[in-house]
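Protein chains in written order, with my numbering: chain X, 1 to 143; chain R, 144 to 286.
2 protein chains.
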Amino acid sequence: MQDLDIAAVARRSGLPASTLRYYEEKGLIASIGRRGLRRLFDPGVLERLALIALARASGFSLDEIAAMFAPDGTPRIDRQQLAAKAEELDRTIRDLSALRDGLRHAAACPAPSHLECPTFRRLMQAAAAGTIRAPRRRVPQPD
Amino acid sequence: MQDLDIAAVARRSGLPASTLRYYEEKGLIASIGRRGLRRLFDPGVLERLALIALARASGFSLDEIAAMFAPDGTPRIDRQQLAAKAEELDRTIRDLSALRDGLRHAAACPAPSHLECPTFRRLMQAAAAGTIRAPRRRVPQPD
DNA sequence: CTGCCACTTCAAGCCGACTTGAGGTCAAGT
DNA sequence: ACTTGACCTCAAGTCGGCTTGAAGTGGCAG
Chain X
1 MQDLDIAAVA RRSGLPASTL RYYEEKGLIA SIGRRGLRRL FDPGVLERLA
51 LIALARASGF SLDEIAAMFA PDGTPRIDRQ QLAAKAEELD RTIRDLSALR
101 DGLRHAAACP APSHLECPTF RRLMQAAAAG TIRAPRRRVP QPD
Chain R
144 MQDLDIAAVA RRSGLPASTL RYYEEKGLIA SIGRRGLRRL FDPGVLERLA
194 LIALARASGF SLDEIAAMFA PDGTPRIDRQ QLAAKAEELD RTIRDLSALR
244 DGLRHAAACP APSHLECPTF RRLMQAAAAG TIRAPRRRVP QPD
């Protein structure tokens, strides 16, 4: 009896059962059967969930992630896609770094108002021009 | 007649008029009057919008941004808040960097399946453990 | 055998940041 | 004076990723 019920998967993955049902509905994971009404999962689902978590953290949407698995369930990850995402992350990192430096400067800047600080103003203009496209929404984190 | 109507502000800020109305409703910007029904804005609103863009790019929510302005409209930016956000960005940057390096490695890794690559596996585990909290949603960008 | 309660389904709700649509107003050009 | 069409308001819709709630089911301890 190595199969896991949804509560066991939830416990071991840290994800709520509702999320697991949602992922199954979206085709991200599959249960291998039922005991009565209750889903049973192969322990391998945990690895799959880890892979999903990684992809999510990298900024892939659930739909994109679903497309990364062959119909038979084996991950079919495109190295080009990974490289492209790495590039994207790289741009994001550069933007965020500029932002961080600017914020830090502004926090320390002695100018009476940030609006009079040239560094701050340059940053503002860049943001206004859409040069800085940083923000994404964080994945809600269990506190 | 230096006052700007909403179309002029939209043109000069790059934001749709609907967004400007929404921002006004949220108290992020204020019109200085009307000509008939039409809002008139002080040109200073452009600077304010740039400031808002910067704050958004830094990851502040509209509500947080609204709280950064005194009732009289002058920005009342807390240097501590800026420093805290800089710290947060720093953590995000570190996470994203690890992710980027991992993706890049995986893209180049000769292992038959990524699942057999130790680097990839470590990354997966970190993501699953929530160690990597990276993703945020991007701010929609005019292409 | 009974009762409990963790599981099930399905539909609806939530969040943030806007966008869209219907229906109305009015300043300005002809 | 009339038409035009850019602006107005207000309500509702969108998107992604889930969560929540009501109502139902059934495995297992007692």
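Backbone N, C-alpha and C fix where the C-beta goes; we use that ideal spot for every residue, glycine too.
- Rounded to the nearest angstrom, the gap between the Cα atoms of X:R11 and R:A272 is 12 Å.
- For X:L54, there is no enclosing beta strand (DSSP E); the enclosing alpha helix (DSSP H) covers residues 45 to 58.
- The three-state secondary structure of R:G245, taken from DSSP, is helix.
- X:Y23 and R:R265 have their C-alpha atoms spaced approximately 23 Å apart.
- Excluding the 5 residues flanking it on each side, R:R181 has same chain C-beta neighbours closer than 6 Å at D148, in chain order.
- Annotation for X:A7: A17 place their beta carbon closer than 7 Å to its own, counting only its chain and skipping 5 residues before and after.
- Per DSSP, the unbroken alpha helix (DSSP H) holding X:L62 starts and ends at 62 to 66.
- Rounded to whole angstroms, the gap between the alpha carbons of R:E168 and R:T162 is 10 Å.
- By the criterion of a C-beta distance shorter than 6 Å, X:D42 is surrounded in its chain by I32, once the five residues flanking it on both sides are discounted.
- Going by C-alpha positions, R:D206 is about 34 Å away from R:D244.
- Around the beta carbon of R:T274, a 10 Å sphere encloses fewer than 16 other beta carbons of the protein chains shown; the residue is thus reported as exposed.
- Taking a contact as a CB-CB distance under 8 Å, the pair X:S97 and R:I236 counts as one, their CB atoms being some 6 Å apart.
- When rounded, the separation of the alpha-carbon atoms in X:A83 and X:A53 is 18 Å.
- Annotation: Cβ neighbours of X:T92 in chain R (cutoff 7 Å, chain order): L239.
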